[in-house]
Amino acid sequence: MSQQLLGRGARGLHALPASASTAPAAPIGCSSQPMGAAEPGDCGSRSTRSPLLSAQGSPFSDPGFSALGLRWAGVPVATLPFLAWRTMGDVERLARNYGAYATFDAFLQLVWDDQDELCPNCSELLAMLGTARAQTRGLLANLTYIMAAMGIPTPPAPDPLTSEAASVGAFEKKCRGYVVCREYHGWVDRTVRDFTLLKAKYPA
970 MSQQLLGRGA RGLHALPASA STAPAAPIGC SSQPMGAAEP GDCGSRSTRS
1020 PLLSAQGSPF SDPGFSALGL RWAGVPVATL PFLAWRTMGD VERLARNYGA
1070 YATFDAFLQL VWDDQDELCP NCSELLAMLG TARAQTRGLL ANLTYIMAAM
1120 GIPTPPAPDP LTSEAASVGA FEKKCRGYVV CREYHGWVDR TVRDFTLLKA
1170 KYPA
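First residue of the sequence shown? That's 970 in the working numbering, and the numbers climb one at a time after it.
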């Protein structure tokens, strides 16, 4: 795997969710920014004044709100012990990134649908969620290209949701949106660290 390939695959990560990019990425000039330049937390997880939390009402919009222990079944969790992350093989590292973003592709669509129902006039939030999903698909294309160039088979795409997922109550939809955006932001940060490691291992 060369630096140029990694660099092309990395160049849009910080653009999540700023502008869509589906250009193939690459381990062949390696940037540690797997996707671009805007804040990845814009889909609603970074601050209590973010569009998503502000749109949910109390307690989500309350100053200082945080629910780090809240989980939602099927949503990929980015955190793991340092040594487990640091010693992970390249194939597993890329495969875990692919699996996470393939899952977020489905969950971001679901959260968009939820928010369109809960707050149809929240155009800024809906636009950010839509762009985040478009950027996620761009990163999946980049990861597919990288893995193919390395001779790594693309993992089967996960199918984490059923049609019943849309039928939960309003409060559950708000909780789900919070968890999805929080973990999405965590994965973007983790992917930056992953590509930084790969850059160090495969210098130009």
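Glycine included, C-beta positions come from ideal geometry on N, C-alpha and C.
Go to residue i, then tell me how far its alpha helix (DSSP H) extends in each direction, as first and last residue.
i     : result
C1150 : 1139-1170
R1040 : Run containing R1040: none; DSSP gives neither H nor E here.
L1063 : 1059-1087
P1020 : 1020-1025
D1051 : Reading the sequence as shown, one finds Phe at residue 1051 and not Asp. Taken as a continuous stretch (DSSP letters only), the alpha helix (DSSP H) holding F1051 covers 1051-1055.
Buried or exposed: which applies to residue i, given that a residue is buried once 16 or more other Cβ atoms fall within 10 Å of its Cβ?
i     : result
G1058 : exposed
V1046 : exposed
Y1114 : buried
C999  : Since pLDDT at C999 reaches only 39, below the 50 mark, its modelled position is unreliable, and the value read off the structure follows with that caveat. Per the 10 Å Cβ criterion, buried.
F1076 : buried
V1157 : buried
R1040 : exposed
A1126 : exposed
K1168 : buried
L1049 : exposed
S1136 : exposed
Indicate whether residue i and residue j have their beta-carbon atoms separated by less than 9 Å.
i     : j     : result
Y1070 : L1109 : yes
C1091 : A1139 : no
Y1067 : T1123 : yes
E1086 : K1142 : yes
F1037 : R1145 : In the sequence under discussion, the amino acid at residue 1037 is Leu, which differs from the Phe named in the question. Result no, Cβ atoms of L1037 and R1145 do not sit closer than 9 Å.
G1043 : L1130 : yes
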